[in-house]
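This report concerns only the one structure given below.
Structure follows, in structure tokens:
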């Protein structure tokens, strides 16, 4: 068997067309979506990433302002900046770019973003809402990986799914999202005795660990879907967590790296921006109607 | 094999002794823990439950005030009551008794309780914090079930765990809590093709579905731990979700119903009350120190 290669760019393009239409509607209603990106200190590591977000935001009809603060800014000053953005009705979404300097704990910043402007879906309350199956703003990479699986001709209810990697922002949210769709989910990680026992029994495998070559073809059930979320640099090339050649021989569908989950993740970020703007519009209108 | 019967009352008693000591320390510091229980309308269904909580609170040295509101109270009035309790420093925890009248959506009330007073661990932000492995106030039944498993001589890291039932307040939180302890977790539910495939491979099985006799001995691996969270009334008797006789022959450990998870759940509620009080004390002191 040779796997069908999943075209992340095509899925992203379909999503972006819908997002652009919605952003246009919001703009016509006086609520043009607007994101603010916060980076701190030397931005070289994140620059390519931010520039790509900016380009995609333009394509989606979402305004994008990249702010950079000096590396000696204090946590108090930064949370003050966030409080200002939370209160500003012209700002609909806030992105915290990583890496941050050591004295700025990323979780403290994520919690300081109001959940209604949390377009990255990182606030504990956003994560909790996913558990409650109230999908509002979900963590972008996890949502993107699930969107890709949903694009395949597989019935999600009862699907046996194996998630390799149990990070808070990717592995665990994928698990809840898939549970919400009716799948039977097993989450494996570095303490799992034999990952292959679980992955070989699964109809779909998600891998998000950050180890090139971790998943090999003999760890898959023939015909399974493999969604590779890893991004690793090996000898100057970008590769995922799967040993692509052997997996493509066994899997039914496989995502390439790059060109798989990556492009869809940016589209989800833009969809979250539009969704957040709509939520804020409804929230402000309800508050206004109540006041009259 | 005949399973060792897990004594929930003994585990509860050990926990209650620790909680009482901590409650005493807090009282000596001027922060005697205090819970307010809110029930609405006819309380017959919840009365036994509330009375039991009250008794356990007394035993733990936690003050307990049971409030009942008329069944025609509006959601706005109730959220107003909760806002008052959130702001009142003499109240450290709020319990929303179920069932509620149809016009009062339970989730809306749960979200209206401030997360720092959410002793039932039901707020989306409390659930999200569990996912983030920041165990603050967890949902009582799920935490109790995990406490019981932790009392057994099993290594949690790498343990193969099967959770049957994926409710937001029991099954899913058990899954995250066990992931946080390093277990490999599979979550099964009514859409799972063959529960036995998963349960038979597991070293520990949690069941929380509400179907008497759902788990039978032939669904277990010999020597596995079975934590039965179900509470069902069958012919005037209270039984769990396991077919006790056949499971006790195969399992290594088994919780009885009643006398297993139930008593530990009330102890966890009291521990949450003490924990919440401590968090509030620290929060107020930090705010006071900052103001000076």
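Chains as they are written, first to last, in the working numbering: chain A, 1 to 292; chain B, 293 to 584. The beta carbon of each residue, even a glycine, is placed where N, CA and C say it ideally should be.
Residue burial classification, residue i (beta-carbon count within 10 angstroms, cutoff 16)
i                     : result
residue 189 (chain A) : buried
residue 192 (chain A) : buried
residue 30 (chain A)  : exposed
residue 106 (chain A) : exposed
residue 479 (chain B) : buried
residue 468 (chain B) : buried
residue 359 (chain B) : exposed
residue 372 (chain B) : exposed
residue 123 (chain A) : buried
residue 280 (chain A) : buried
residue 491 (chain B) : buried
residue 236 (chain A) : exposed
residue 294 (chain B) : exposed
residue 212 (chain A) : buried
residue 574 (chain B) : exposed
residue 350 (chain B) : exposed
residue 357 (chain B) : exposed
residue 400 (chain B) : exposed
CB contact below 8 angstroms: residue i versus chain A
i                     : result
residue 503 (chain B) : no
residue 484 (chain B) : yes
residue 368 (chain B) : no
residue 385 (chain B) : no
residue 347 (chain B) : no
residue 498 (chain B) : no
residue 468 (chain B) : yes
residue 395 (chain B) : no
Inter-residue CB distance, residue i and residue j (contact presumed, cutoff 8 angstroms)
i                     : j                     : result
residue 255 (chain A) : residue 6 (chain A)   : 5 angstroms
residue 128 (chain A) : residue 419 (chain B) : 4 angstroms
residue 452 (chain B) : residue 488 (chain B) : About 14 angstroms separates the two Cβ atoms, so there is no contact after all.
residue 217 (chain A) : residue 228 (chain A) : With 8 angstroms as the limit, residue 217 (chain A) and residue 228 (chain A) do not qualify as a contact, their Cβ atoms being about 13 angstroms apart.
residue 408 (chain B) : residue 579 (chain B) : Residue 408 (chain B) to residue 579 (chain B), Cβ: 12 angstroms. No contact.
residue 130 (chain A) : residue 138 (chain A) : 6 angstroms
residue 273 (chain A) : residue 62 (chain A)  : 5 angstroms
residue 20 (chain A)  : residue 60 (chain A)  : 5 angstroms
residue 8 (chain A)   : residue 260 (chain A) : 4 angstroms
residue 119 (chain A) : residue 269 (chain A) : 6 angstroms
C-alpha gap between residue i and residue j, whole angstroms
i                     : j                     : result
residue 28 (chain A)  : residue 82 (chain A)  : 27 angstroms
residue 245 (chain A) : residue 251 (chain A) : 10 angstroms
residue 224 (chain A) : residue 141 (chain A) : 21 angstroms
residue 340 (chain B) : residue 37 (chain A)  : 53 angstroms
residue 428 (chain B) : residue 207 (chain A) : 29 angstroms
residue 295 (chain A) : residue 265 (chain A) : Here chain A has residues from 1 to 292 only, and residue 295 (chain A) is not among them.
residue 497 (chain B) : residue 347 (chain B) : 31 angstroms
residue 383 (chain B) : residue 168 (chain A) : 32 angstroms
residue 156 (chain A) : residue 150 (chain A) : 8 angstroms
residue 179 (chain A) : residue 72 (chain A)  : 43 angstroms
residue 253 (chain A) : residue 271 (chain A) : 25 angstroms
residue 34 (chain A)  : residue 4 (chain A)   : 37 angstroms
residue 215 (chain A) : residue 232 (chain A) : 14 angstroms
residue 586 (chain B) : residue 308 (chain B) : A query on residue 586 (chain B) cannot be resolved here, the shown segment of chain B reaching from 293 to 584 and no further.
residue 164 (chain A) : residue 394 (chain B) : 41 angstroms
residue 333 (chain B) : residue 501 (chain B) : 27 angstroms
residue 45 (chain A)  : residue 450 (chain B) : 35 angstroms
residue 50 (chain A)  : residue 43 (chain A)  : 9 angstroms
residue 344 (chain B) : residue 514 (chain B) : 36 angstroms
residue 366 (chain B) : residue 396 (chain B) : 7 angstroms
residue 220 (chain A) : residue 476 (chain B) : 18 angstroms
residue 226 (chain A) : residue 18 (chain A)  : 26 angstroms
residue 464 (chain B) : residue 302 (chain B) : 26 angstroms
residue 284 (chain A) : residue 446 (chain B) : 53 angstroms
residue 535 (chain B) : residue 402 (chain B) : 34 angstroms
residue 89 (chain A)  : residue 263 (chain A) : 29 angstroms
CB contact below 8 angstroms: residue i versus chain B
i                     : result
residue 188 (chain A) : yes
residue 185 (chain A) : yes
residue 9 (chain A)   : no
residue 182 (chain A) : yes
residue 168 (chain A) : yes
Within-8 angstroms CB hit, residue i to chain D
i                     : result
residue 390 (chain B) : Looking at the structure shown, chain D is missing, and the protein chains on hand are A and B.
What are the residues in the region 437 to 455 of chain B lying within 8 angstroms of chain A by C-beta distance? Contacts with chain A (Cβ-Cβ distance below 8 angstroms) from the region 437 to 455 of chain B involve 449, 450 and 452, listed in chain order.
For the region 254 to 285 of chain A, which residues have a beta carbon sitting closer than 7 angstroms to at least one beta carbon of chain B? none
Got a sec: which bits of the region 219 to 248 of chain A sit with their beta carbon under 9 angstroms from any beta carbon on chain B, in order along the chain? none
Can you pull out the residues from the region 297 to 331 of chain B whose beta carbon lies closer than 9 angstroms to at least one beta carbon of chain A? Cβ contacts with chain A: none found.
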